[in-house]
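Working notes for the structure below.
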Amino acid sequence: MNKGDLKRWIISFLLLPIFLLTVEGAYSHPSINCEQASSQEELQGSLKKWHEGPVGYIILKDEKDRFKKLKTREERMMFIQIFWERRDYNPETLIHEFKEEFYGRVDYANQNFKEGGLEGWKTARGQIYIVLGPPDREWKEIVSGISARPAYLWQYYRLASAYLNPNEPLVFADLYGSGKYFLLRPYPQTYADYYWQVQKGRSYFEPVPDEYQRALDDIKKKFIFRPDVSYDQPPTTPPAQIKEPLPPKLPFNWKTSFSEHSSELTAIHLTVMVRYADFQYYREGDTYKVSVRFLGELKDKTGTLVDQVTEDISFSLASEEITEKKDALYTLTTLLKAKPGKYQLVLQLIDNLSGVTSRSVDTISVPAPE
1 MNKGDLKRWI
11 ISFLLLPIFL
21 LTVEGAYSHP
31 SINCEQASSQ
41 EELQGSLKKW
51 HEGPVGYIIL
61 KDEKDRFKKL
71 KTREERMMFI
81 QIFWERRDYN
91 PETLIHEFKE
101 EFYGRVDYAN
111 QNFKEGGLEG
121 WKTARGQIYI
131 VLGPPDREWK
141 EIVSGISARP
151 AYLWQYYRLA
161 SAYLNPNEPL
171 VFADLYGSGK
181 YFLLRPYPQT
191 YADYYWQVQK
201 GRSYFEPVPD
211 EYQRALDDIK
221 KKFIFRPDVS
231 YDQPPTTPPA
241 QIKEPLPPKL
251 PFNWKTSFSE
261 HSSELTAIHL
271 TVMVRYADFQ
281 YYREGDTYKV
291 SVRFLGELKD
301 KTGTLVDQVT
311 EDISFSLASE
321 EITEKKDALY
331 TLTTLLKAKP
341 GKYQLVLQLI
351 DNLSGVTSRS
361 VDTISVPAPE
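In this text, residue positions in the sequence shown follow the working numbering: the first is 1, and each later residue adds one.
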């Protein structure tokens, strides 16, 4: 794999949003003063402890050591600006795609992985979600010998490190029955009963085991898209011009209809609708391409996966076609199957290259087949 292919693969994995800016309207961003930390940084406490917040999952050891030696607020603000510049894979755009995706993942972790009084980003699931992004597949099941509570299993088919096994899901289990979930150590390929033994001796403050540290350190290094940007030089964007735009989303609507699939199962006809103007377009020669992955899951009241479907949305348009179709709807039709009853319907649209991820979770009632 050459360097160009590697860079494209990493960008695809990171799911960082890119924008096609048209002449239809200006996109303005609020700026902050050098004497003010951005609202995102303020959420993590004082600037002095900035490295102890969520960025601790992506900061390199030498960067952390350097930051801890800084004395003034201005020095720390300058460091933070350069820190993000080194991770800005597309500096020509007005928005910092990597940073917005990063804080979007932090927000999602806080909303979905909170454990008691512990913020979601501090949990094992929160850390893995922030670094690896949303899993390609997730489900719950009882892991023998581990816990009476169902464990959460996350499967990633595209991994950013060779130190992770794509054939082995990440397993999060409540080892001590306290409601705190630990990422289990990798499964030993020898005998099954040993799986429980390797989980023993886990510190309550070690939600992610050391066995995964090599992979996480490897991924941290791949987040540096601009290693030429030095902490010894002023940032290209002075702190007074730091941009803090809101992260974009890909809005969509959906509807269902039902028909008989068999004597026991009902066919759920699912239609997903997206305005052409809401897609993110990427230049490909003389045209602009859309590449989005759709994931639909149907779960019962216990969280068990009943049925799932994945579809690809891929097309190319000329610039004038985008303007013509901007208010038109792109429709995707697909099929799920289930017995009559109430289910949780989870829908996701994930941009394959950019990765603005939109998620919808609703309850639907499936009627008996007629």
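Heads up, the beta-carbon is just placed ideally off N, CA and C, and yes, glycines get one too.
- Check the Cα spacing between W121 and each of A328, S161, R226 and G53: the tightest is with G53.
- CA-CA distance, L329 to K180, rounds to 43 angstroms.
- In the DSSP assignment, F258 is bridged to I268.
- Under the DSSP definition of a beta bridge, L298 partners with D307 and L345.
- Judged by DSSP secondary structure, Q81 falls within the alpha helix (DSSP H) whose first and last residues are R73 to E85.
- Each residue's CA atom was taken as its position, placing N165 and P209 some 15 angstroms apart.
- In summary, R86 is buried, with 16 or more beta-carbon neighbours lying within 10 Å of its beta-carbon over all protein chains present.
- The closest CA to that of F258, considering only R226, L250 and I268, is found on I268.
- The DSSP-derived three-state label of F98 is helix.
- Taking C-alpha positions only, R226 is separated from Y89 by approximately 7 angstroms.
- Between S319 and Y288 the beta-carbon gap is near 7 angstroms, inside 8 angstroms, which marks them as a contact.
- A straight line joining the alpha-carbon of A109 with that of A148 spans about 24 angstroms.
- Between L349 and V292, the CB-CB gap stays under 8 angstroms.
- Nearest to D217 by alpha-carbon distance, out of K48, I59 and W50, is I59.
- Distances from the alpha-carbon of Y152 to those of V290, E206, H261 and P169 put P169 closest.
- V309 sits away from L265, with the two beta carbons spaced by 8 angstroms or more.
- Excluding the 5 residues flanking it on each side, F223 has same chain C-beta neighbours closer than 8 angstroms at L14, I58, R87 and F98, in chain order.
- When secondary structure is reduced to three states using DSSP, R137 falls in the strand class.
- Between the C-alpha atoms of K49 and K299 there is a straight-line separation of about 41 angstroms.
- The DSSP-derived three-state label of D327 is coil.
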